Ligand SMILES: NC(=O)c1ccc[n+]([C@@H]2O[C@H](COP(=O)([O-])OP(=O)(O)OC[C@H]3O[C@@H](n4cnc5c(N)ncnc54)[C@H](O)[C@@H]3O)[C@@H](O)[C@H]2O)c1
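Residue numbers (the numbering used here): 1340 to 1666.
The following block contains the structure:
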């Protein structure tokens, strides 16, 4: 089986490669070829023994999508994208990557024709929804995104659904909750603190908390994000029906509950490394985000996430800290 991953150098892309390498196959078929595409040079996944093609290219460039589709990969994980803050500050770049890049990819598949009909797993986001929100947002809640990022994701979802309906490909759009704990260096996303208040204290460093502890959000680990994508690839058209874009499950909790989980898992000294430093702008941005999702369709289709935030922290310690916590 030949698998193509776009955005392969990114956080979820790397987690997905680790998972696929560990599994050795997808849907019961061995993976013998991987094509990894990203504007940043992707790395060869350690432990993968098949053929790997590493392509550093902007997917939205003329001909780039057609070039990677020419080899007719059996499954495509489309993860390439720019994050919400960047898509908001640089409108042209945001739409170019998040919408045009997706359309180029889907059109390259459509134009191949000749019976070519790959599985396409797309990372959408809960940013497709816009306030005012009900307590729990169901898959059938109208799509009225309030950011350019969410708008490009919503338009990409519609394209994916239409191209699936027309029989050009078999698409699944997974609306990810906030993926936490994000490993590595802090990034500039307004949501970055959800990860840094866990990641930095576990590494022995201070973390700033810019919002009140009552802020509520929904989370899943990077391991679960990879799991959602692998599971999505196993679903048939019949199982999915016409609504191929769906919200993933996750742990809904407040920032205060995140901190209590950190205290339970790693102790008081670690939890004391969080310093309250209110930031009104971040607080305002976060107030406009959805909190809780009713993921009953995804759960019925067999998608799974962590049971509580303690488990999300343990996954981070196991997967990204080699089991160690800084005393
Ligand atoms: N992490 C989250 O909490 C979260 C939540 C919802 C949705 N998502 C979506 O999941 C996907 C992966 O997220 P992530 O957290 O791994 O992000 P990431 O920023 O770590 O990875 C995205 C990758 O896409 C690459 N990229 C950007 N523009 C490109 C282009 N024009 N051509 C080729 N590659 C390009 C980047 O270089 C990066 O390596 C994204 O589409 C994101 O919008 C993520």
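Glycine residues also receive a C-beta, built at the ideal position from the N, C-alpha and C atoms.
Since the structure is predicted, the reported quantities are computational estimates derived from the model, not experimental observations.
Segment contact: the region 1449-1469 against the region 1594-1612, fewer than three CB-CB distances shorter than 8 Å; contact not assigned.
When DSSP reads this structure, residue 1463 sits in a beta bridge with 1514. Shortest Cα-Cα distance from residue 1420 to any of 1439, 1413, 1403 involves 1439. With a beta-carbon spacing of about 6 Å, residue 1561 and residue 1351 fall inside the 8 Å limit used to define contacts. The nearest non-hydrogen atom of ligand 1 is 7 Å or more from the C-beta of residue 1430. A direct Cα-to-Cα measurement between residue 1441 and residue 1433 gives close to 12 Å. Taking all protein chains shown into account, residue 1423 has 16 or more neighbouring C-beta atoms within 10 Å of its C-beta and is therefore buried. About 7 Å separates the beta carbon of residue 1507 from that of residue 1456, a gap short enough to meet the 8 Å contact definition. Looking only at 1390, 1536, 1660, the smallest Cα-Cα distance to residue 1552 is reached by 1536.
In the same chain as residue 1526, and ignoring 5 residues on each side of it, the C-beta atoms closer than 8 Å to its own belong to 1422, in chain order. In terms of CA proximity to residue 1648, 1592 leads the group 1372, 1436, 1354, 1592.
Counting along the chain, residue 1556 sits inside the beta strand (DSSP E) bounded by residues 1555-1559. Under the 10 Å beta carbon count, residue 1464 is surrounded by 16 or more other beta carbons and is classified as buried. Taking one beta carbon from each stretch, the region 1563-1577 and the region 1507-1524 have 3 or more pairs nearer than 8 Å; the two touch. When DSSP states are grouped into helix, strand and coil, residue 1666 belongs to the coil group.
Contact annotation: residue 1418 and residue 1531 have beta-carbon atoms that are not nearer than 8 Å. Note on geometry: alpha-carbon atoms of residue 1601 and residue 1401 lie some 47 Å from one another.
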